[in-house]
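Peer 1:
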Amino acid sequence: MIAKKLPQALHLLDRYHIVANLNKALDQVRAGEARRLKAEGYVPHLKHTRWCFLKRRSNLTNKQRMRLRQVLRYDLVTGRAYLKAQALQLLWRYTSPTWAGRFLDAWCRDVMRSRIEPLKKVARSLREHRPLILNWFAAKKQYNAGIVEGLNANAKLRFRKAYGFRTFQAAEIALYHQLGRLPEPESTHRFC
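Heads up: the sequence shown begins at 554 in this note's numbering, then just goes up one per residue.
#1: Of all the options Leu-575, Leu-728, Ser-667, which has the alpha carbon lying nearest to the alpha carbon of Lys-709?
#2: Three or more C-beta pairs closer than 8 Å, one from the stretch 558 to 565 and one from the stretch 690 to 704: is that the case here?
#3: Whole angstroms is fine: what's the gap from Thr-602's alpha carbon to Leu-732's?
#4: Taking the alpha helix (DSSP H) that Pro-749 belongs to, which residues open and close that run?
#5: Output needed for Gln-570: all residues of its chain with C-beta closer than 8 Å, excluding positions within five of it in sequence on either side, in chain order.
#6: Tell whether a beta-carbon distance below 8 Å holds between Ala-578 and Val-701.
#7: So the candidates are Arg-680, Glu-681, His-730, Tyr-716; which of them puts its Cα closest to the Cα of Leu-704?
#8: Measuring alpha carbon to alpha carbon, tell me which residue in Pro-560, Asn-574, Lys-557 is nearest Lys-673.
#9: Using a Cβ-Cβ cutoff of less than 7 Å, which residues in the same chain neighbour Ala-638 once the five nearest sequence positions on both sides are dropped?
#10: Let me confirm a value: Ile-686 is counted as buried when at least 16 other C-beta atoms fall within 10 Å, else exposed. Which label applies?
#11: Along the alpha helix (DSSP H) that carries Val-596, what are the first and last residues, could you check?
#12: Take the Cβ of Arg-618 as the centre, count every other Cβ of all protein chains shown within 10 Å, and call the residue buried at 16 or more, exposed below.
Now the structure itself:
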């Protein structure tokens, strides 16, 4: 439908959703391995390390940076998964869709051989959405889904506030007021 109305529109996936899925997979690997190590009676090396793995390196505190360095010394699946997730961050430095596609294909092949199931799931998803990811590079990295996400959040907020409206028309008017920042009418009832 959108393609008919807007034939010049470019459908793309931006960095935010890809990184969010990758972080979710990385946290699954970390949590699963922490449970396994605890059940087997090993020293809890992964205890209190969630944000060490999920934050950007530049945002880590000194304490978190040291903790991450200590954990990466051990041969843990979480460490390998973290390094693979960090390697994907190099994708965003490319400007050419062709070279970005080659890098993405190579990263996906590497992850599929890694036997780390949550990351393999992300790699399958990236392969499936490859054209949409590369469209972001074709659009010269100028667009992201932040605006759409903001509008969706505002719409969801309005629908939560409109709970109890009995007609679609009343909810629609409330939505127009939320998104268009129109002034709300004075109450039609007098409260004494």
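Backbone N, C-alpha and C fix where the C-beta goes; we use that ideal spot for every residue, glycine too.
Peer 2: According to the structure shown:
#1: For the purposes of this step, residue 709 is taken as the residue at position 156 of the sequence shown. Ranking the options by Cα distance to Lys-709, first place goes to Leu-728.
#2: yes
#3: Mapped onto the sequence shown, residue 602 falls at position 49. Mapped onto the sequence shown, residue 732 falls at position 179. Computed Cα separation, rounded: 40 Å.
#4: With the chain covering only 554 through 745, there is no way to say anything about residue 749.
#5: Translated into the one-based positions of the sequence shown, residue 570 becomes position 17. A small fix is needed here, since residue 570 is His in this sequence, not Gln. Contacts found: Ala-698.
#6: The residue you call residue 578 lines up with position 25 of the sequence shown. The residue you call residue 701 lines up with position 148 of the sequence shown. For Ala-578 and Val-701, no; Cβs fall outside 8 Å.
#7: The residue you call residue 704 lines up with position 151 of the sequence shown. That would be His-730, whose Cα lies nearest to the Cα of Leu-704.
#8: The residue you call residue 673 lines up with position 120 of the sequence shown. It is Asn-574.
#9: Residue mapping note: residue 638 aligns to position 85 of the sequence shown, counting from 1. Only Leu-575, Leu-579 meet the Cβ criterion.
#10: Walking along the sequence shown from the start, residue 686 turns up at place 133. Classification for Ile-686: buried.
#11: In the sequence shown, residue 596 corresponds to position 43, counting from 1. Careful: Val-596 lies outside any alpha helix (DSSP H) and carries neither H nor E.
#12: As a working note, residue 618 is residue 65 in the sequence shown. The residue in question, Arg-618, is exposed, as its Cβ has fewer than 16 Cβ neighbours within 10 Å.
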